[in-house]
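Below: one structure, written as structure tokens.
2 protein chains.
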Amino acid sequence: MEKKGILIVISGFSGAGKGTLVKALIKKYHNYALSVSMTTRKPREGERDGVEYFFTDTEGFEETIRQGGLIEYAQYCGNYYGTPKDYVERQLQAGNNVILEIEIQGALKIKEKFPESLLIFVTPPGAEELKRRLVSRGTESEEVIAKRLARASEESEGIEAYDYIVVNDDLGTCVEEVHQLVEASRRAPVRREAFIEEIRNQLKAFAKGAE
Amino acid sequence: MEKKGILIVISGFSGAGKGTLVKALIKKYHNYALSVSMTTRKPREGERDGVEYFFTDTEGFEETIRQGGLIEYAQYCGNYYGTPKDYVERQLQAGNNVILEIEIQGALKIKEKFPESLLIFVTPPGAEELKRRLVSRGTESEEVIAKRLARASEESEGIEAYDYIVVNDDLGTCVEEVHQLVEASRRAPVRREAFIEEIRNQLKAFAKGAE
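Protein sequence lines correspond, in order, to chains A and B. The first sequence begins at 1 in the numbering used here and counts up by one. The second sequence begins at 212 in the numbering used here and counts up by one.
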């Protein structure tokens, strides 16, 4: 089995519990690392540079783009957000799976650039439950909830682009499922290229030798 | 989770141990069934109609083709071989995974017709081991071994068409792996269409209701 880690993109509806899922996965298995994004947004109280985000200014961010230092980036509410390449590649080389928690547009860009990346979509057991979770937070206005539902409806159109869809009903079960999917995905030909190449070359040599 | 079984195609190099693997899988897990092929080949000693094969004559076979009763068929050494649709569909509806052990051309036809089928390629740990297994049988002439190696070399060109590649080194481990892959594949969007459709429709209704 190739030892390189897998680049995992986790997306899903707001209210699907992606953040909790990712934290639980990293806590349970030690060969996962969460990618730390670079942003031009100002740090909020308690946020540490290099932990929650790598903080920089617009000039620094655009310089990183020019140097090809980001594997994807986007603008959101007037700020840049991006995934630094260095950190991701170092982790993958060290055999760790790297998790990016991004939305579908970013996910599709990642898949295009890295066909061997693994795209996982997280959903609650059903739309009713999703609505219930959004409402029961109790912190959002009806307007915000309506917007989130509209957004979820839009997002649901893109599910087929993902490799797997997982239902986050029970957290422990879901963590196990995601881990199993990552392990299973190691057996996809796109992630076994070195092995396939080697067996092909050897078979070719044998077939030639036996002629 | 949708209860329908999964149509699994197992292919792999001669000497990869596909037959043993499939038997062990069916013995260990009870929700797998091996598809029984229809053939115009004469029964060999001990072969029972409906167990090893469904035996028929050319007329009967061609009539089954005309009626659309086969999901794939091919001619090989002057005989027809095909997969009866009825049996496969009944097993899938009953929630059993159905295994077809066929070569790559058949596998590709199945995938085209049934995008939700799962294609698994079985290989020994490497080409050296494959050669060793072919030679150590001791029953085949050098010429036959040379042909098999040439054939394996050709087959290796098609591996990317498969969903997963599994290494059959230790039989028990390999059985577990295949079972895990089948379970994982239930989470691919192509096999969760009913769930996706339902969540989409509900979200659309909620979003509309909240406008």
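A virtual CB, placed ideally from N, CA and C, is assigned to each residue, including glycine. Note that the structure is a prediction, hence the values are computed from the model and not measured.
Check	Outcome
Chain A contact residues for glycine 337 of chain B, given Cβ-Cβ distances below 8 Å	Glu198, Ile199, Gln202
Glutamate 72 of chain A - partner residues in DSSP beta bridges	A/Thr83
Rounded C-alpha distance that separates glutamate 101 of chain A from valine 9 of chain A	6 Å
Chain B contact for threonine 123 of chain A (CB, 8 Å cutoff)	yes
Presumed contact (8 Å Cβ cut-off) between serine 11 of chain A and phenylalanine 121 of chain A, rounded CB distance	6 Å
Of the residues A/Pro189, A/Glu154, A/Ala127, A/Ala161, the one placed nearest asparagine 168 of chain A, counting alpha carbons only	A/Ala127
Nearest-angstrom Cα separation, counted from tyrosine 240 of chain B out to glutamate 387 of chain B	10 Å
Short-range partners of chain A found in the segment 371-390 of chain B, where Cβ spacing is below 9 Å	Glu371, Ala372, Tyr373, Asp374, Tyr375, Ile376, Val377, Val378, Glu388
C-beta contact flag for leucine 303 of chain B and leucine 218 of chain B at 8 Å	yes
Per-residue DSSP class, three states only, for glycine 12 of chain A	strand
Check whether glycine 5 of chain A and leucine 130 of chain A have beta carbons under 8 Å apart	no
For phenylalanine 61 of chain A, the nearest candidate out of A/Arg48, A/Arg41, A/Glu47, A/Glu52 (CA to CA)	A/Arg41
Nearest residue (CA-CA) to glutamate 52 of chain A, options A/Gln180, A/Ala188, A/Leu21, A/Tyr81	A/Tyr81
Minimum Cβ-Cβ distance from phenylalanine 214 of chain A to chain B less than 8 Å	The structure shown does not extend to residue 214 of chain A, since chain A spans only 1 to 211, so no value can be given for it.
Member of B/Lys229, B/Ser364, B/Leu414, B/Glu323 whose CA lies at the smallest distance from the CA of glutamate 198 of chain A	B/Ser364
Neighbouring residues, chain A, relative to serine 364 of chain B (Cβ below 7 Å)	Leu203, Lys204, Ala207
Best match in A/Ala107, A/Lys147, A/Ala150, A/Ser185 for proximity to tyrosine 73 of chain A [C-alpha to C-alpha]	A/Ala107
Own chain residues within Cβ distance below 8 Å of serine 241 of chain A, not counting five before or after	This structure gives no information on residue 241 of chain A, because the portion of chain A shown stretches from 1 to 211.
Counted within 10 angstroms of its Cβ, other Cβ atoms place glutamate 155 of chain A as buried (16 or more) or exposed	buried
Among A/Ala188, A/Lys204, A/Arg132, A/Gln105, the one whose alpha carbon lies nearest that of alanine 161 of chain A	A/Gln105
Threonine 294 of chain B burial status per 10 Å Cβ neighbour count (16 or more: buried)	buried
Chain B contact residues for lysine 131 of chain A, given Cβ-Cβ distances below 8 Å	Phe417
Inter-residue Cα distance where the pair is glutamate 63 of chain A and glycine 95 of chain A	29 Å
Short CB-CB distance (under 8 Å) between leucine 311 of chain B and chain A	no
For asparagine 412 of chain B, the three-state DSSP class (helix, strand or coil)	helix
6 Å Cβ shell around arginine 191 of chain A - same chain, five flanking residues per side excluded	Glu116
Neighbour flag for alanine 24 of chain A against chain B, beta carbons, 8 Å	no
Min CB distance isoleucine 6 of chain A to chain B below 8 Å	no
For asparagine 97 of chain A, the residue or residues it bridges with in DSSP	A/Tyr32
Proximal residues of chain A, C-beta to C-beta of arginine 348 of chain B below 7 Å	Near arginine 348 of chain B there are no residues of chain A at all, since even the closest Cβ is about 15 Å away, more than 7 Å.
Start-to-end residues for the beta strand (DSSP E) that takes in isoleucine 370 of chain B	It is not in any beta strand (DSSP E) - isoleucine 370 of chain B carries neither H nor E in the DSSP assignment.
Pairwise C-alpha distance: lysine 296 of chain B and glycine 280 of chain B	5 Å
From A/Phe195, A/Arg200, A/Asn201, residue whose alpha carbon lies closest to that of lysine 3 of chain A	A/Phe195
Of the listed residues A/Glu157, A/Arg148, A/Leu181, A/Pro189, nearest to alanine 421 of chain B (C-alpha basis)	A/Arg148
Which residues DSSP lists as bridging leucine 118 of chain A, in chain order	A/Ile8
Residue burial classification, asparagine 412 of chain B (beta-carbon count within 10 angstroms, cutoff 16)	exposed
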